[in-house]
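According to mature numbering (1 follows the signal peptide of the UniProt record, and there is no 0), the stretch in the sequence shown is residues -29 to -1, 1 to 606, in order.
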Amino acid sequence: MHNLENFTVRCLKPLVWLTVFLVSFSAAAQNPNPAARDYTGLEIALENQLKNISDAEQYAAKIQSLTQEYAPHSLREKAYLDYLACVNNIEIKSASYSSKATIVEQKNFTLADYLCEQDKFSKAGESGKAFDRVLVAYLMQSEVSSAPLRYLSAFLYANESLRKGRLAQGIEATRIMLAIARENHFQHLQSSTYSIRALLQADLKDFESALKNIDRAIELAETNYDRSNRLLDKGYILSFAGRNEEAIALYDDLLKLESSQGDYELKLIVWSNLHYIYANTGQLEKNLALTEDMLNLAKDKASQYYVAAAKMSRAYALLEAGQYEKASKLFKEADQWYLENGYDLRTAEGYEDWAVLLQEQSYSQEAYAYLKKSVELYRELESKDGHSENDTIEALLEAEQKQQALAEAEQSIAFMEARQKAQAQLIAAIVISALLILAIGLFAHFRLKRLNRALDSANAALEHENHHDPLTGAHNRRYFYRFLEEEKLRKDRTQAFIGLIDIDHFKTLNDTYGHDVGDEVLQILVKRLKYATKNDDKVIRWGGEEFLIYLAVNGSIDETRLALQRIIAEVNSQPFSVGQQVLGVTISMGFKVVELSADIHHEVKQVDNYLYQAKREGRQRAIGQFNDQLSLEQI
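Structural data, given as structure tokens:
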């Protein structure tokens, strides 16, 4: 986590713990059915027999057969069956007891409705609305009698908390999950809970606790599939903690497990994680070999989603190896797939990483474009993902309206008490929601602020590259003409000194000592020219070994002449030391004091003529005019 994000976490801690306190207080004060943890016979059978079924038809058939086997059903069981029917898009024929629903039992159906809506919004990609339903469900779960629905509410909320950075709240939700899983001796649910808790603790940088809990999760895993997922989580925690060698060893063990299972998706995920470790630790050769294998496997066996992800990983490795053309082609292919099929947070992070790599390889313009795209995508995702205060309060009010409708049917003292408690909980929930929204706003603000700073930095780098020669650091012609237009607007300046400099016998120097030595000579020359000029003066690389000097003129010919002599003396004062070579370098110059209102192209051409005259007359001299009325001078 970046330092700025650490700062954000520190800022949010008081809000997080206050939110947790309000949730706990609300649950303790208003829960009419405290510690509803036990599963019924039907619920236990459903949990144990559905957990290893992946085929949709078999799953639906098993639900139906168990429903008939355990009929008739209590109202809380009916609520859970309604939820299963909704999320699996099936019809369940169930027979329930003919008993009048109490407020508590009715709340089971309300909670099932919210979990069903959450599933629909999630599948539709409306993550903001999905989170609203999760939040309301989690706030309601302490009041219902259905342990499976309570566990589901806490499970979904813990996962959302992990995704959104609500780490303390997520850990609080895992306490509810663990209590229910232990009460009913569900080993696989305990494993899942410990895994989520470990990931939350890792994001809080509590790596010691995270590793203890992920080891518990691995120990409790009942199937190879679950064990593989827990080991993947442990690998992430180890690499996040900087323990890369341990993470690599663990991933090697996972690849051996994959060989026995033939699970190519597991192999791709492991390779993807290894790719990030190799990239972050500078193991380029391993990364190149790995990403080539990853892309080939994805193309051969996996879905297009995995192919796009593998292309991105391969592009990173190729760009780090200096193979820009191949890398850019692959990255653009992956980008096109995401454009056609939908972006996610990983894509935004991928653009950000790609921009950083491009900048490191000096592709500043393309880096700027992708960094800008990353910022826009983060904003778009946060806009879709972030639930609004109005949406959350609307959902809470909808829940309250359902409770009021039920209470009107009851017309009893129990109803009046329940209504008062529901209203109190609504107020507490709105306060909690406001705090959560503030926390989201702060986190998003600081993240976007960091990205905007990166964008500003990229802007500055791009501006510098557009106006400077990359070899010498001198300004370029583009900058000179823009700067000259600004100078013409100044009322305090009407004239300027322009000199064109050429290094004597530079071609011979290049042929004798090589272009690397020639490049260093150019760099030393620019340093000396900058040292001999003032802040308002400019050094421009005009082309090859030619440089233009622009000096601000205050009207005094003597001062301008002294400035010119100072420049020539600085360049010729001592030899140029390049490595083991000591070179006697001299320059020739043409110069003229020009009117800023004049045709600058014509004036530069005249100065160029003076330069060639200086070279014809023996080099190592400056020829030009300090005034149109004065004859040519030689210095």
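We put the beta carbon where it would ideally sit given N, CA and C, even for glycine.
These figures come from a predicted structure and were not determined experimentally.
For R512, the uninterrupted beta strand (DSSP E) segment begins and ends at 509 to 514. Taking the Cα of L191 as reference, the smallest distance to any Cα among S210, E216, A152 is reached at A152. Judged by their CB atoms, L21 and K33 are nearer to each other than the 8 angstroms cut-off.
Here F518 is bridged, per DSSP, to I472, R512.
Under the three-state reduction of DSSP, Q29 is assigned to helix. Rounded to the nearest whole angstrom, the CA to CA distance from L460 to S568 is 10 angstroms. About 6 angstroms separates the CB atoms of Y309 and A279; that is less than 8 angstroms, so the two are in contact. In this structure, R104 lies away from Q112, with their beta-carbon atoms at least 8 angstroms apart.
The stretch 567 to 584 and the stretch 526 to 545 do not touch, with fewer than three beta-carbon pairs separated by less than 8 angstroms.
Annotation for I167: the continuous alpha helix (DSSP H) segment containing it runs 158 to 174. A buried status is given to Q161, since no fewer than 16 other beta-carbon atoms sit within 10 Å of its beta-carbon. Separation of D490 and V549 (C-alpha to C-alpha, rounded to the nearest whole angstrom) is 10 angstroms. Only residues of its own chain outside the window of five on either side were considered, and among them N258, Y287, A288, E291 have a CB closer than 8 angstroms to the CB of A250, listed in chain order. Pairwise C-beta distances place the stretch 143 to 158 out of contact with the stretch 74 to 85, as fewer than three of them are shorter than 8 angstroms. The alpha-carbon of E588 is positioned some 27 angstroms away from that of E566. In the DSSP assignment, F211 falls within the unbroken alpha helix (DSSP H) covering 195 to 211. In its chain, beyond the 5 residues on either side, A181, N184, I185 have a beta carbon closer than 6 angstroms to the beta carbon of A169. In the displayed model, S124 falls within a helix according to three-state DSSP.
Counting of Cβ neighbours within 10 angstroms places G561 among the buried residues, the total reaching 16 or more.
Given a length threshold of 4 residues, each whole run of the alpha helix (DSSP H) inside the stretch 223 to 306 is given here in chain order: 235 to 251, 255 to 272, 275 to 291. Under DSSP, E588 forms no beta bridge with any residue.
Boundaries around E457 are those of the alpha helix (DSSP H), 448 to 459, since no beta strand (DSSP E) includes it.
With the rule of 3 Cβ pairs closer than 8 angstroms, the stretch 86 to 96 does not count as touching the stretch 12 to 27. L554: member of the beta strand (DSSP E) spanning 552 to 554, first to last residue. If the five residues before and after D26 are omitted, its C-beta is found closer than 6 angstroms to no C-beta atom of its own chain. For F157, the CB contacts under 7 angstroms within the same chain, skipping 5 residues up- and downstream, are E18 in chain order. Look at E179 here: in three-state DSSP terms it is helix. Partner residues in the beta bridge of F547, as assigned by DSSP, are L554. Within the DSSP bridge table, the entry for A593 names M560 as partners.
Here the C-alpha atom of I240 lies approximately 21 angstroms from the C-alpha atom of E193.
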